[in-house]
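>
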Amino acid sequence: MKDAPGRVVCVGDIITDVLAVLKAPLAPDSDTPARIQVAGGGQAANTASWLAAAGADVTLVGAVGDDQAGRDRIAELTAAGVQVEAQVCPDAATGAIVVLSDAHHRTMITDRGANLSLAPAAIDAGLTGATRLHLSAYTLLDPGSRDAGLHALAQARAQGIAVSVDAASAEPLRQVGASAFFSWVRPADILLTNVDEALVLAGEGEPEAQARRLAAAVGGSAVVKLGGRGAIWALSTGEVLHTTAPSVRVVDTTGAGDAFAAGL
Numbered sequence: 001m002k003d004a005p006g007r008v009v010c011v012g013d014i015i016t017d018v019l020a021v022l023k024a025p026l027a028p029d030s031d032t033p034a035r036i037q038v039a040g041g042g043q044a045a046n047t048a049s050w051l052a053a054a055g056a057d058v059t060l061v062g063a064v065g066d067d068q069a070g071r072d073r074i075a076e077l078t079a080a081g082v083q084v085e086a087q088v089c090p091d092a093a094t095g096a097i098v099v100l101s102d103a104h105h106r107t108m109i110t111d112r113g114a115n116l117s118l119a120p121a122a123i124d125a126g127l128t129g130a131t132r133l134h135l136s137a138y139t140l141l142d143p144g145s146r147d148a149g150l151h152a153l154a155q156a157r158a159q160g161i162a163v164s165v166d167a168a169s170a171e172p173l174r175q176v177g178a179s180a181f182f183s184w185v186r187p188a189d190i191l192l193t194n195v196d197e198a199l200v201l202a203g204e205g206e207p208e209a210q211a212r213r214l215a216a217a218v219g220g221s222a223v224v225k226l227g228g229r230g231a232i233w234a235l236s237t238g239e240v241l242h243t244t245a246p247s248v249r250v251v252d253t254t255g256a257g258d259a260f261a262a263g264l
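1 is the number of the first residue of the sequence shown in the numbering used here; add one for each residue after it.
Given below as structure tokens:
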């Protein structure tokens with residue numbers, strides 16, 4: 001891998017995805033044909049897996065239940081080359097998400113389960129010797145896991161570890177508010193958002209202007225992902241970069257942003 005980033009620590013959810021890729025428009029109160037599969041997921045777990053696939057040295061810190069799903073997720077991640085530091089929660093089930101996906105939209109019905117119990121004490125061992133922390137903002141957006149997310153950020157800053165944060169999801173961001181979110185993540189080297197998250201955090205405007213506002217808000221750089229139109233990256237220097245996306249046949253967008261984060 002060219003320019004490998006050292007050891008990356010991803011902090012966030014370990015999830016079982018029940019993925020339904022719709023073959024026709026969703027028919028409420030009736031039947032809709034779909035391709036359904038069960039697989040490991042979670043924003044941090046996905047990014048860690050893609051980092052490992054690219055040859056990076058990567059550790060994932062998260063929480064699972066004391067159940068078969070949790071053991072399966074850890075085994076899958078380990079087989080993919082991810083070092084897993086998992087907090088096992090005997091009183092909670094491993095998180096699960098039902099994902100409804102088509103070529104244009106993705107709707108998630110979420111039970112974060114054991115991820116809500118991630119404790120600050122679970123973070124420290126994973127950060128030892130790391131060069132970058134990549135934090136899924138889902139950890140911050142729910143009060144149950146917020147202390148762990150804040151602890152990860154504080155420890156990374158104290159140890160001089162570079163920090164990137166994925167903004168996670170527009171609706172939870174809307175519920176906590178942009179001001180609170182920025183107070184948690186600032187300063188961050190990179191903030192990653194999609195168009196919906198950028199709208200919540202930066203307000204209306206062209207993606208370039210949103211990216212500049214986001215970069216200023218976190219005291220670093222910021223990315224606004226534009227789907228088929230590529231992505232905007234506002235650097236801390238004030239320079240703004242725009243990259244286009246290749247034209248492909250879209251089958252399922254689940255995890256696309258997580259893969260983007262790993263590549264970046």
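Every residue, glycine too, gets a C-beta built ideally from N, C-alpha and C. Fair warning: this is a prediction, and the values are worked out from it, not measured in the lab.
Give the straight-line distance between the Cα atoms of A148 and V200, rounded to the nearest whole angstrom.
24 Å
> Apart from the five residues just before and just after H151, which ones in its own chain have a Cβ nearer than 7 Å to its Cβ?
P120 and I123
> How many angstroms separate the CA atom of I97 from the CA atom of H105?
16 Å
> Going by DSSP, which residues form a beta bridge with L240?
Residue identity check: residue 240 is Val in the sequence provided, not Leu. Paired residues: A234.
> Thinking C-beta only, is P187 closer than 8 Å to G160?
no
> Suppose contacts are defined by Cβ-Cβ distances below 8 Å. Is D8 in contact with A44 by that definition?
Going by the sequence as given, residue 8 is Val instead of Asp. Contact flag unset, no.
> So for A156, helix, strand or coil by DSSP?
Three-state result, A156: helix.
> Report the option in S117, Q68 and A75 whose CA atom is closest to the CA atom of D91.
S117
> Determine which residues share a DSSP beta bridge with T110 and list them.
I97
> Under a three-way DSSP split, which group does R186 fall into?
coil
> Rounded to whole angstroms, what's the CA-CA distance from A245 to G230? Just pull it up for me.
4 Å
> Among I232, V165, V240 and G41, which residue has its Cα nearest to the Cα of V64?
G41
> Give a yes or no on contact between the region 70-88 and the region 44-59, applying the rule of three or more CB pairs nearer than 8 Å.
yes
> Throw me the rounded Cβ distance for the A211 and W184 pair, which I believe falls under 8 Å.
The beta carbons of A211 and W184 sit about 20 Å from each other, so the pair does not count as a contact at 8 Å.
> Give the range of the beta strand (DSSP E) segment to which G126 is assigned.
No beta strand (DSSP E) holds G126; the alpha helix (DSSP H) holding it covers D124 to L127.
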